[in-house]
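In mature numbering (1 follows the signal peptide of the UniProt record, and there is no 0), the protein residues as written are -28 to -1, 1 to 230.
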């Protein structure tokens, strides 16, 4: 597989007081059960509500925020049911279908011009132009997706990612737009955000040219809503430089969900 297609392709339980229950024959527990049963199930936010909560242009310093292009790459698919939530997250989708969702693309501002220092045939021969191209591509591109669920659906959806990360540690086969590839490994990472629950991971894809392509993702639960972050950096991949889910993007988005 060519590099370009490859790159397209991140407890506790509380104990109640027992003395009163012993004296009253546990009647207090029955009352609490009745009270819990009477509580309405948590409802998912609507698509309109999510659009008000997702980041917008001007809210992430150093990044341009736009709608996700209609020409976005086709989703990554896999025959592995266990690893499918990871493939969906890396496609800019929630790990499982949600009641409502919306998304944005946050692209780090470009500060390098590939033609600044390489304009002659001599520069091309010396590799300066290629070096400049790499630098111009060295910027984070992060897809942010907000997805909301009824009841405890968000927690269950996050659970599929939490299970898949160690379960798919040795990699899994995948395909995108009919092109087959393989993620060679999946490793858990330290999450950037804080929330009611979170999982972060790196997935490394075999690009077919001997240069592994790591991408990064993070999924954070805030009540009935999941924030899904997927970051790639083409220049960093080419130069084998470390990068992570864009912390500035995560900080800005999570602040809007508080």
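Every residue gets a Cβ at the ideal spot worked out from N, C-alpha and C, and that includes glycine.
Rounded to the nearest whole angstrom, the C-alpha separation of residue 121 and residue 197 is 6 Å. Inside the segment 29 to 60, DSSP marks whole beta strand (DSSP E) runs of 3 or more residues at positions 35 to 38, from first to last along the chain. DSSP lists 154 as the bridge partner or partners of residue 145.
In the structure shown, the three-state DSSP call for residue 111 is coil. For residue 200, no alpha helix (DSSP H) segment is defined; the enclosing uninterrupted segment is the beta strand (DSSP E) at 197 to 204. Taking each of 26, 226, 175 in turn and checking the Cα distance to residue 159, the smallest one comes out for 175. Secondary structure of residue 210 (DSSP, three-state): helix. Contact check for residue 114 against residue 201 passes: the beta carbons are separated by less than 8 Å. Judged by DSSP secondary structure, residue 25 falls within the alpha helix (DSSP H) whose first and last residues are 19 to 25. In terms of CA proximity to residue 79, 110 leads the group 110, 149, 72, 60.
Rounded to whole angstroms, the gap between the alpha carbons of residue 116 and residue 229 is 13 Å.
Non-local C-beta neighbours of residue 47 in its own chain, meaning closer than 6 Å and more than five positions away in sequence, comprise 63, ordered along the chain. Non-local C-beta neighbours of residue 178 in its own chain, meaning closer than 7 Å and more than five positions away in sequence, comprise 153, 154, 156, 184, ordered along the chain. Around the beta-carbon of residue 208, 16 or more other beta-carbon atoms lie within 10 Å, marking it buried.
In the DSSP assignment, the residues bridged to residue 187 are 175. Annotation for residue 65: 47, 117 place their beta carbon closer than 7 Å to its own, counting only its chain and skipping 5 residues before and after.
Per DSSP, the unbroken alpha helix (DSSP H) holding residue 220 starts and ends at 219 to 229. Around the Cβ of residue 194, a 10 Å sphere holds 16 or more other Cβ atoms; the residue is buried. Within its own chain, the residues whose Cβ lies closer than 7 Å to the Cβ of residue 34, once the five positions on either side in sequence are excluded, are 80, 81, 220, listed in chain order. Per DSSP, the unbroken beta strand (DSSP E) holding residue 75 starts and ends at 72 to 80. In the three-state scheme derived from DSSP, where H, G and I count as helix and E and B as strand, residue 119 is classed as strand. One thing to note: residue 19 has its Cβ within 8 Å of the Cβ of residue 74. Residue pairing by DSSP places residue 192 opposite 170, 199 in a beta bridge. For residue 159, DSSP records a beta bridge to 174.
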